[in-house]
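In my numbering, the protein residues as written are 627 to 879. The beta carbon of each residue, even a glycine, is placed where N, CA and C say it ideally should be. Note that the structure is a prediction, hence the values are computed from the model and not measured.
This is how it looks when you write it as structure tokens:
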């Protein structure tokens, strides 16, 4: 695929994500997968980890005996993914444009990665790509932050950061309900070859509704769509409005 189509703007944050968040995010993701996906897979299933980030979740799935292929748009993220999950196969690519033949028993996309796809048309395109890549009767499990999560004070207006001997970072999040667009503004300082280097990044996320996501899944052919809430159904504190979607490709394709 063309390099300019991928999400390379996440490269500068890869090291910090790997060290600060990657393991925690994988643990959060694994809990719902243990209930929504794992019981329905054959032992040797091939799982496609879409927007795999730094690969900690891929490694957890490998340890359970599954084959794992991961795709991410950040080359720097994949650098860490190959260290964290050396037995997985990783591909540099964009969730909006990948094309695979029917290959996988399951596709997952966790940590609200697909909120970074900021139009329903492009999100529907991602769903189409996933549907094509699944074997008949294959499962697609993913999570999204819904509009109500972005509107909550736990997200909108929140700030965070950390300082270490190797890097410092600060982030501020805001949400515009009329446009349904959230902004994540991040500044980092990283010690690279004895010099401190600053990076300023702004990432956009889209707040979707359950109805439009469910409609988009149905439009590309998914069936048996079920929706759960991270806080209500999995007791993940502070995650109300983070929804898990489970759907299936028809047995006849």
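- [ ] Work out the CA separation of residue 840 and residue 858 for me, nearest whole Å.
- [x] Each residue's Cα considered, the two are about 19 Å apart.
Task: Neighbour-count burial assignment, residue 703, 16 or more Cβ in a 10 Å radius - done: Burial call: buried.
- [ ] Would you mind stating whether residue 741 and residue 635 have Cβ atoms separated by less than 8 Å?
- [x] It is not a contact, given that the beta carbons lie outside the stated cut-off.
Open item on the list: Three Cβ pairs or more, each shorter than 8 Å: is that satisfied between the stretch 638-647 and the stretch 658-675?
Closed with: Cβ pair count under 8 Å is below three, so no.
Task: Inter-residue Cα distance where the pair is residue 709 and residue 668 - done: Going from the Cα of residue 709 to the Cα of residue 668 covers about 26 Å.
Task: residue 834 - partner residues in DSSP beta bridges - done: Answer is 772, bridged to residue 834.
- [ ] State the DSSP-derived secondary structure class of residue 629, mapped to helix, strand or coil.
- [x] Unreliable placement is indicated for residue 629, whose pLDDT of 43 sits below 50; the coordinate value is still reported in the next sentence. It is helical.
Task: Unbroken beta strand (DSSP E) run spanning residue 875, endpoints - done: Looking at the DSSP string, the run of the beta strand (DSSP E) that includes residue 875 is 868-875.
Task: Proximity to residue 812 [Cα-Cα], best of 748, 750, 800, 679 - done: 800 is the residue among 748, 750, 800, 679 whose C-alpha sits nearest the C-alpha of residue 812.
TODO: Please classify residue 822: does DSSP put it in a helix, a strand, or coil?
DONE: The answer is strand: DSSP assigns residue 822 an E or B state.
Task: Minimum C-alpha distance to residue 641 - residue among 695, 683, 705, 698 - done: Minimum Cα distance to residue 641 is reached at 705.
- [ ] Return the bridge partner residues of residue 641 from the DSSP annotation.
- [x] Residue pairing for residue 641: DSSP places it in no beta bridge.
Task: Endpoints, the alpha helix (DSSP H) within which residue 703 is located - done: That run of the alpha helix (DSSP H) goes 701-710.
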